[in-house]
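Reading through the structure tokens given below for one structure.
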Amino acid sequence: MQVNKNAFTLVELLVVVSIIALLIAMLLPSLTRARHQAKALKCASQLSQVGMACNLYADENCDCLPSWSNWHVWGYYRTPLDGSGDDEAGPAWTERLRENRSLPSIDILRCPAYPKDVSVSYFTTAYAGLTRFNEHTLRRAAIRRSSDFITGGDCTNPMFFHPPFGTHSDTGGSTNDADMDNATQRALDWNELIHNRRTNNVLFADNHVASYANFLAAEMTHDVVNAGVDWGEISPSDKSMD
Numbered sequence: 011m012q013v014n015k016n017a018f019t020l021v022e023l024l025v026v027v028s029i030i031a032l033l034i035a036m037l038l039p040s041l042t043r044a045r046h047q048a049k050a051l052k053c054a055s056q057l058s059q060v061g062m063a064c065n066l067y068a069d070e071n072c073d074c075l076p077s078w079s080n081w082h083v084w085g086y087y088r089t090p091l092d093g094s095g096d097d098e099a100g101p102a103w104t105e106r107l108r109e110n111r112s113l114p115s116i117d118i119l120r121c122p123a124y125p126k127d128v129s130v131s132y133f134t135t136a137y138a139g140l141t142r143f144n145e146h147t148l149r150r151a152a153i154r155r156s157s158d159f160i161t162g163g164d165c166t167n168p169m170f171f172h173p174p175f176g177t178h179s180d181t182g183g184s185t186n187d188a189d190m191d192n193a194t195q196r197a198l199d200w201n202e203l204i205h206n207r208r209t210n211n212v213l214f215a216d217n218h219v220a221s222y223a224n225f226l227a228a229e230m231t232h233d234v235v236n237a238g239v240d241w242g243e244i245s246p247s248d249k250s251m252d
């Protein structure tokens, strides 16, 4: 009986399989990181488009960025459900952008790192407008630090989302808030990092987007005038423009 000298032995086959398994194990973390980086880049691109849409809206609305209010359920506006249950009547800032045709019809309001049942994952700035001017909108002319003034970004505070992704538990159980803002709650939560659990994307008034793992006073501010102001730090004496 002749033996085929070109055939693999069982030991050789097991060695090859082991090597392949080892290579896959080595490559998987790199592939995972690449996937997270791709999502972060797509998110940054979407945020930039949202920023441009807000500026287009302001161009046609007396220099005012889209106004915000309270909880608006995504998909309720212009339906019989508008203003029912937990929903406040009228459009959210995101819906104003669509109605104004400033925002493309493609779905760019949800960061790809968020669950698919979340329709809106970006917030708009409201804290400075409410605290300084008691307004539900903000004029671009008031912003004196456009390169470091935060105008939006990834909303990572769990209280803005319903379980299992978040912790919000209103009675109606409406899952999609279309009007996320930082007026009274910190929307940009540094305890919750969405991109590979390492960074959040931040949109600035000059429309550039950058990734951060925490608040950097030298590079960002929540106040239209003063540098390095973190969320919740505008004092009553700051309400008038300097």
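For the sequence shown, position 36 (counting from the first letter as 1) is numbered 46 according to the working numbering, and the numbering increases by one without interruption.
Yeah, the Cβ is synthetic: ideal placement off N, Cα and C, and Gly gets one too.
Rounded to whole angstroms, L198 and T89 show a C-alpha spacing of 31 Å.
When DSSP states are grouped into helix, strand and coil, L148 belongs to the coil group.
When Cβ pairs closer than 8 Å are counted between the two stretches, the stretch 132-150 is seen not to touch the stretch 81-96, the count staying below three. Residue range Y137 to F143 is occupied by the alpha helix (DSSP H) that includes A138, with no beta strand (DSSP E) assigned at that position. At least 7 Å separates the beta-carbon of A136 from that of W200. A68 places its beta carbon less than 7 Å from that of R150. The DSSP-derived three-state label of C72 is coil. Pairing H205 with D127, the inter-Cα distance amounts to about 18 Å. Two segments are said to touch when three or more pairs of C-beta atoms, one from each, lie closer than 8 Å; by this definition the stretch 165-182 does not touch the stretch 100-117. Its chain contains A215 and D216 as the residues whose beta carbon lies nearer than 6 Å to that of S156, once the 5 sequence neighbours on both sides are disregarded; these appear in chain order. Counting other Cβ atoms within 10 Å of its Cβ, E70 stays below 16 and is therefore classed as exposed.
Residue nearest to D73 within the set M230, L148 and L23 is L148 (criterion: CA-CA distance). In the DSSP assignment, V212 is bridged to G163 and A220.
Looking at the DSSP output, D187 bridges to V83.
Beta-bridge analysis with DSSP links Y132 to D164. DSSP places T231 in the strand class (E or B) of the three-state scheme. Contact annotation: K49 and P122 have beta-carbon atoms nearer than 7 Å.
Looking at the backbone, the Cα of H172 and that of N186 are separated by about 8 Å. Taking 7 Å as the cut-off, the beta carbon of A63 is found no closer than this to the beta carbon of L140.
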